[in-house]
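To start, the structure itself, in structure tokens.
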Amino acid sequence: MSIVLIIAWLTFATLLIVGRTAQKEVERGMEKDTRNSLLTFQNLKAERQLEENRQAELLATLPTVKSLLSQEDDTPEAQEAAESLWLSGGYELVVVADWKGKVIALHSNVPGFSEDDAEQMFSRSQKISGAGGWWYGDRHLYQVASRPVQLGPASANMRLGTVVVGREIDSSVAHDVGQIAFCRVALRYGDELVVSSLPAMDERTVADALQNSPGANKIQIGKEWYLANTVDLTPGSSPAVTLTVLKSYDDASAFITRLNQTLIALGLFAVCAGGGLVFLISYTFTKPLATLVNGVRALEQGDFDYPVDIGGGDEVAEVTAAFDRLRSTLLRNEEQSKRLGEQLRQAQKMEAIGRLAGGVAHDFNNLLTVIKGHSDLLEEKITLATPMFHSITQVKKATDRATSLTRQLLAFSRMQVLQPKILDLNSLIAETCKMLPVLIGEDIDFKFYAARSLGLVKADPSQIEQVLMNLAVNARDAMEKRGGEFTIRTRNIVLDEQYSKSHPPTVPGHYVLLEVEDTGKGMDAQTKARIFEPFFTTKELGKGTGLGLSTVYGVVKQSGGYIWVESEVGKGTKFQIFLPQSGESVPTAVSESGSASSASGFGTILLAEDEEAVRELASEFLKASGYTVLVAKDGLDALEVAEQRRGSVHVLVTDVVMPRMRGTELARKLKRCHPELKIVYMSGYLEHDSQDNDYVPESEFLQKPFTRESLLRKIREAIESKTHASESVGVR
């Protein structure tokens, strides 16, 4: 379209320049023709003047004229003879005046020219030098010639009078001049139009225009414009006799009009032809570019499916093909970006919920420790027949259920205290499979496919068993009342860079894949996006806590693995758990010591705990077992107590998270001063930012809520065991 507009602009600019140039040439030609018309009239005037001079010369020598000028011969017979002479000579105007300027005889073919007019014109002519001139009277204009009438020879200088001969300048003369010069002429006497070659209707218009604008060079008559040129025929006299020549613009510009029409036609043809050519070029060469531009605009608006025609094999087609490949890449990146964004938001949401759950579980564990410990003490002090024994038993059961729920929250939030070991996953699953058929029911077909030479993993066996149990329960609920298949598979797998990019935050490496699949009713996309959220469940109210899959997620993540879910409505669900392979070997089993509750203890124990109720309960448990107990409310207080103690301190039992000084820092400082000191850490959870090197090697870990038996067992294990550094507690 732009090229068409440029062609049109250039074409019409050229036509305008040509038209303007031709118009200037026409105006110059008209001015030249006007000057030629004036010259034509001047020549005609000169010819008429010569003839009138000759007639005046002839009349001045005739005896009849001389007799009229003689006073003694002014008889009627002389007047009649003179009249016969005028008529026989065919004179239009003859005036004979005496030497005083009085008209003696007057002859005019046009009635109305009086002797007064003649005497006035004669008096005006005497003031103008020369033998020729112009007379005007009764709206008639005459070109005249005068000659003196002498008595005797000219040398005698005896002047009797003057004879004047004139010829009228009428419309026929004006028309003759106009035809010869191809123009219109108008003669004026003063401001009065006397004669012209114009129609009678146009004479008034010209007279008014010339009177209002004497020097105008353009006059409009009707719808037609004329070039006007006026010349004064009687310079120096007033009123003046002027000749105006009018040259028609329309007649002169007829050729220009036809030329303009031809040029316009040629210009339109050129524009149409150029537009057609541009359209052909655009359709042939630039249409792919337009399609490509539209594709780019559509891509800016997020439309990746806008059709683009690659066309042939030229450069434009190559660019279009490259754009199509780029668009496909952008589409894949866009989809991956959305997927990563959703995964990131999900991970952030799970992280926030996990931190909240961990914080709640930490405080709740301290409460459960107090409740559970004092329930055990009460149960020991009363007999079975006591009415309150049943109430205490119910409190203990509720405490156990609360403890289990808290541990599920900690597992989801990845703050659970794990006891990782090098495992053969096939052996662990084989042991668990003994309970699974009973758990899922007889109407569900259970199968386990174990891979040969399966790699070893490092994980907490009890937590892996919990993962299998929770997934089995979830599959059973998905296939309730309809039956189906429940399948477990294991195999070695290597995850490459491509897989890790499409499944962030997966790290490439060697993994053991645990697949748990069922043929249940499956899940839609909305449900699948929320299955790992705590307390989210699709079961009826009262039939599920919504922590089963949350626990699975937390255990897998805390074990350094990844979990992915594939599910469609009506096609079942498959969980894929990737656990990193371990290069370590399975350690030999170590026999456990006897029951700690039945043996009495000895030695000094430094107990550091910021919760007063937990501190009092643990102190009571230890004192009742025979230990000497030193109590401290935080880390700094424990350091002061240890410095003031003169004797040895055998075991430090410390909470991990305390104000002013953490338990890990307290243990390191005391260990430097007392190398033989044994360490037992207590905590309801492990923090996200804790590291393995925060803990003293060969230490024990007691998870809250604890019982008297579990507390005493950990202390005896710390005193008697020689735990390898590889089995030290740490965060995963």
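Each number in this note's numbering comes from the position in the sequence shown (counting from 1) with 836 added on. Cβ coordinates follow ideal geometry from the N, Cα and C atoms, glycine included.
Residues near residue i by beta carbon distance below 6 Å, same chain, minus five either side
{"i": "I1329", "result": "Y1347, L1349"}
{"i": "W1020", "result": "The sequence given here places Arg at residue 1020; Trp does not occur at that position. G1014, S1033, L1034, L1082, listed in sequence order."}
{"i": "D1086", "result": "E1060"}
{"i": "H1486", "result": "G1439, T1440"}
{"i": "G822", "result": "What is shown of the chain runs 837 to 1568, which leaves residue 822 out entirely."}
{"i": "D1038", "result": "I1057"}
Cross-strand partners of residue i (DSSP beta bridge)
{"i": "H1226", "result": "H1226 pairs with nothing; no bridge assigned."}
{"i": "V931", "result": "L942, V1000"}
{"i": "T1326", "result": "L1350"}
{"i": "G969", "result": "V980"}
{"i": "N1065", "result": "V1081"}
{"i": "I1057", "result": "E1060"}
{"i": "S1074", "result": "None, per the DSSP bridge assignment."}
{"i": "D1281", "result": "E1321"}
Beta carbon of residue i nearer than 7 Å to that of residue j
{"i": "F1368", "j": "S1386", "result": "yes"}
{"i": "A1064", "j": "N1053", "result": "yes"}
{"i": "E1598", "j": "P1344", "result": "Within the shown structure, residues of the chain are numbered from 837 to 1568, placing residue 1598 beyond reach of any answer."}
{"i": "V985", "j": "L905", "result": "yes"}
{"i": "T1490", "j": "D1530", "result": "no"}
{"i": "I1005", "j": "Q979", "result": "yes"}
{"i": "S1418", "j": "G1437", "result": "no"}
{"i": "S959", "j": "G969", "result": "no"}
{"i": "L1116", "j": "T1156", "result": "no"}
{"i": "A981", "j": "A918", "result": "no"}
{"i": "T1041", "j": "I1016", "result": "no"}
{"i": "V1001", "j": "V930", "result": "yes"}
{"i": "V999", "j": "V932", "result": "yes"}
{"i": "S1279", "j": "G1319", "result": "Position check: residue 1279 holds Asp in this sequence, whereas Ser was assumed. Yes. Within cutoff."}
{"i": "F1140", "j": "L1167", "result": "yes"}
{"i": "R983", "j": "A896", "result": "yes"}
{"i": "G1358", "j": "E1301", "result": "no"}
{"i": "A1478", "j": "L1443", "result": "no"}
{"i": "S827", "j": "V1031", "result": "This structure cannot settle anything about residue 827, because the visible part of the chain is limited to 837 through 1568."}
{"i": "A1286", "j": "T1326", "result": "yes"}
{"i": "A1238", "j": "L1214", "result": "no"}
{"i": "N1201", "j": "P1541", "result": "yes"}
{"i": "W935", "j": "G865", "result": "no"}
{"i": "N1310", "j": "G1384", "result": "yes"}
{"i": "A1022", "j": "T1080", "result": "yes"}
{"i": "L1502", "j": "A1474", "result": "yes"}
Closest residue to residue i among the options (Cα-Cα distance)
{"i": "E928", "options": "K936, L942, E916, A917", "result": "L942"}
{"i": "I1413", "options": "V1352, G1319, G1419", "result": "V1352"}
{"i": "I1515", "options": "D1139, M1497, E1536, K1505", "result": "E1536"}
{"i": "Q1539", "options": "V1532, P1533, R1549", "result": "R1549"}
{"i": "Y1025", "options": "L977, P1071, E1039", "result": "L977"}
{"i": "V901", "options": "N889, R1133, K1174, E916", "result": "E916"}
{"i": "P1533", "options": "R1544, S1519, A1554", "result": "A1554"}
{"i": "L1292", "options": "V1274, K1257, Q1299", "result": "K1257"}
{"i": "F1282", "options": "R1288, E1301, M1315", "result": "M1315"}
{"i": "A1361", "options": "Y1285, L1275, V1391, R1175", "result": "R1175"}
{"i": "S903", "options": "T1374, T1373, G988, R890", "result": "G988"}
{"i": "F877", "options": "V854, R856, D1012, P947", "result": "D1012"}
{"i": "N945", "options": "G925, G937, Q956", "result": "G925"}
{"i": "A1102", "options": "L1475, R1504, V854", "result": "The displayed chain sequence assigns Leu, not Ala, to residue 1102. With distances taken between Cα atoms, L1102 lies closest to V854."}
{"i": "L875", "options": "L1069, K1294, G1131", "result": "L1069"}
{"i": "G1520", "options": "T1543, C1509, H1510", "result": "T1543"}
{"i": "D1027", "options": "N1130, T1066, S1164, P899", "result": "T1066"}
{"i": "F1159", "options": "Y1463, N1130, V1114", "result": "N1130"}
Residues of its chain near residue i, where Cβ-Cβ distance is below 8 Å and the 5 sequence neighbours each way are ignored
{"i": "V1231", "result": "I1207, S1211"}
{"i": "G1135", "result": "What sits at residue 1135 in the sequence shown is Leu, not Gly. Closer than 8 Å at the Cβ level, and outside the excluded window around L1135, lie Y1142, R1163, L1166."}
7 Å CB neighbourhood of residue i in its chain, flanking five on each side removed
{"i": "G1277", "result": "R1312"}
{"i": "F1284", "result": "I1265, C1269, I1324"}
{"i": "L852", "result": "none"}
{"i": "M1497", "result": "D1470, G1471, L1472"}
Near the ligand NAP: residue i beta-carbon under 6 Å from a heavy atom
{"i": "V854", "result": "Among the ligands in the structure shown, none appear at all, so the ligand NAP cannot be discussed."}
Beta carbon proximity, residue i to chain D, threshold 7 Å
{"i": "T1543", "result": "No chain D appears in the structure shown, which is made up of a single protein chain."}
Touch check for the stretch 1443-1452 and the stretch 1466-1479: three-plus C-beta pairs under 8 Å?
yes
Three or more C-beta pairs closer than 8 Å, one from the stretch 1100-1113 and one from the stretch 847-854: is that the case here?
yes
Determine, using beta-carbon pairs with one atom in the stretch 1220-1228 and one in the stretch 1260-1271, whether at least three such pairs fall under 8 Å.
no
Does the stretch 1067-1082 come close enough to the stretch 1092-1101 to have 3 or more Cβ pairs within less than 8 Å?
no
Decide if the stretch 1268-1279 is in contact with the stretch 1299-1307; the criterion is three or more beta carbon pairs, one per stretch, under 8 Å apart.
yes
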